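Only one structure is covered here, and it is reproduced in the block below.
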Amino acid sequence: IYVQGLNEEFNVVTLVTTLTLKRPLIEQPVLANISLNSSNEFTNSLKLAVGISVQNNGSVPAEVRFQADGTDSNKWSGWKTYSAGPHDFTIPEGEGERTVYVEIKDGSGKSTIWNDKIIVDTSKPTGSVVIDNGAVNTIANFISLKLTAADTGSGVKEMHFSFDQKANWTPWESFISSKTLPWPNTV
Numbered sequence: 665i666y667v668q669g670l671n672e673e674f675n676v677v678t679l680v681t682t683l684t685l686k687r688p689l690i691e692q693p694v695l696a697n698i699s700l701n702s703s704n705e706f707t708n709s710l711k712l713a714v715g716i717s718v719q720n721n722g723s724v725p726a727e728v729r730f731q732a733d734g735t736d737s738n739k740w741s742g743w744k745t746y747s748a749g750p751h752d753f754t755i756p757e758g759e760g761e762r763t764v765y766v767e768i769k770d771g772s773g774k775s776t777i778w779n780d781k782i783i784v785d786t787s788k789p790t791g792s793v794v795i796d797n798g799a800v801n802t803i804a805n806f807i808s809l810k811l812t813a814a815d816t817g818s819g820v821k822e823m824h825f826s827f828d829q830k831a832n833w834t835p836w837e838s839f840i841s842s843k844t845l846p847w848p849n850t851v
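This is how it looks when you write it as structure tokens:
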């Protein structure tokens with residue numbers, strides 16, 4: 665710091681002093697983004713890939729642990745050395761929306777908890793097919809299908825058809841409730 669002063673004879677006096685300002689180091693918690701199965705909305709498996717993207721804010725992650733569907737201290741996995749991942753984590757049985765919690769601890773022992781959600785759908789869709797309004801026989805070159813389908817988890821998204829006991833399939837297409845197809849002999 666420089667200070668100038670003026671004495672009674674109008675002489676300028678410059679004083680110089682050094683001051684070191686010390687501020688306490690305030691460590692920030694680890695900042696992270698968590699993604700389950702590459703940010704997919706649905707999964708049909710209980711084994712998840714947990715991605716952890718850490719933001720550089722001066723805090724260095726040291727350890728990580730996981731938990732599904734709550735923050736009960738008895739249900740956390742054990743601590744393991746942090747790595748960029750992805751980390752395999754198997755959640756308990758159950759369908760529907762699930763939350764995975766990730767606790768990240770830095771070198772000083774401070775920790776933060778982050779989470780992400782995913783919908784578990786391990787049930788297969790159900791449905792029915794009615795051919796030509798329930799006809800037993802047909803000589804038509806095209807058949808008319810009435811389709812119903814349901815899925816309690818992720819919903820019914822697509823369909824495809826086979827006429828030869830699953831050896832060959834039509835391409836996947838969006839599910840619709842009615843479809844006309846060429847009879848297999850004319851394909």
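Numbering-wise, our numbering comes out as the position in the sequence shown, counting from 1, plus 664.
Just so you know, even glycine gets a beta-carbon here, dropped at the ideal spot from N, CA and C.
Just so we're clear, the structure is a prediction, and the values are computed from it rather than from any experiment.
(message) If you measure between the beta carbons of V728 and E767, is that distance less than 9 Å?
(response) Here residue 728 corresponds to residue number 64 of the sequence shown, with the count starting at 1. Here residue 767 corresponds to residue number 103 of the sequence shown, with the count starting at 1. The answer is yes: Cβ separation under 9 Å.
(message) DSSP three-state label for G798, please.
(response) As a position in the sequence shown, residue 798 is number 134, starting the count at 1. In this structure, G798 counts as helix in the three-state DSSP scheme.
(request) Can you grab the Cα-Cα spacing for the pair A799 / N832, in whole Å? (result) In the sequence shown, residue 799 corresponds to position 135, counting from 1. In the sequence shown, residue 832 corresponds to position 168, counting from 1. Answer to the nearest angstrom: the Cα atoms are 24 Å apart.
(request) Give me whichever residues DSSP pairs with D828 in a beta bridge. (result) Counting from one through the sequence shown, the residue named residue 828 turns up at place 164. Partner(s): none; D828 has no beta bridge.
(request) Check whether the Cβ of N708 sits closer than 8 Å to any heavy atom of the ligand NAP, and report yes or no. (result) Questions concerning the ligand NAP fall outside what the structure shown contains, since it holds no ligand whatsoever.
(message) For W847, tell me which candidate among A813, S841 and I803 has the shortest Cα-Cα distance.
(response) Reading the sequence shown from its first residue, position 183 is the one you call residue 847. Cα-wise, what sits closest to W847 is I803.
(request) Report yes if the C-beta distance between F722 and E759 is below 9 Å; otherwise report no. (result) Along the sequence shown, read from residue 1 onward, the residue named residue 722 stands at position 58. Along the sequence shown, read from residue 1 onward, the residue named residue 759 stands at position 95. Checking the sequence, you will find Gly at residue 722 rather than Phe. Not in contact: G722 and E759 (Cβ atoms no closer than 9 Å).
(request) May I have the straight-line CA-CA distance separating T844 from P725, to the nearest angstrom? (result) As a working mapping, residue 844 is identified with position 180 in the sequence shown. As a working mapping, residue 725 is identified with position 61 in the sequence shown. Each residue's alpha carbon lies about 58 Å from the other.
(request) Would you identify the three-state DSSP class for P750, choosing helix, strand or coil? (result) As a position in the sequence shown, residue 750 is number 86, starting the count at 1. Of the three classes helix, strand and coil, the one that applies to P750 here is coil, per DSSP.
(message) Applying the 10 Å Cβ sphere with the 16-neighbour rule, what's the burial state of D828?
(response) The sequence position of residue 828 within the sequence shown is 164, counting from 1. With fewer than 16 Cβ atoms within 10 Å of its Cβ, D828 is classed as exposed.
(request) Confirm, please, whether the CB-CB distance from V764 to F730 is below 9 Å. (result) Mapped onto the sequence shown, residue 730 falls at position 66. Mapped onto the sequence shown, residue 764 falls at position 100. Yes.
(request) Quick one: give me the first and last residue of the beta strand (DSSP E) that W778 is part of. (result) Locating residue 778 in the sequence shown gives position 114, counting from the first residue. S775 to V784 is the span of the beta strand (DSSP E), which, as asked, contains W778.
(request) Compare the C-alpha of L712 against each of P693, I755, S741 and N697 and name the closest. (result) The residue you call residue 712 lines up with position 48 of the sequence shown. Ranking the options by Cα distance to L712, first place goes to I755.
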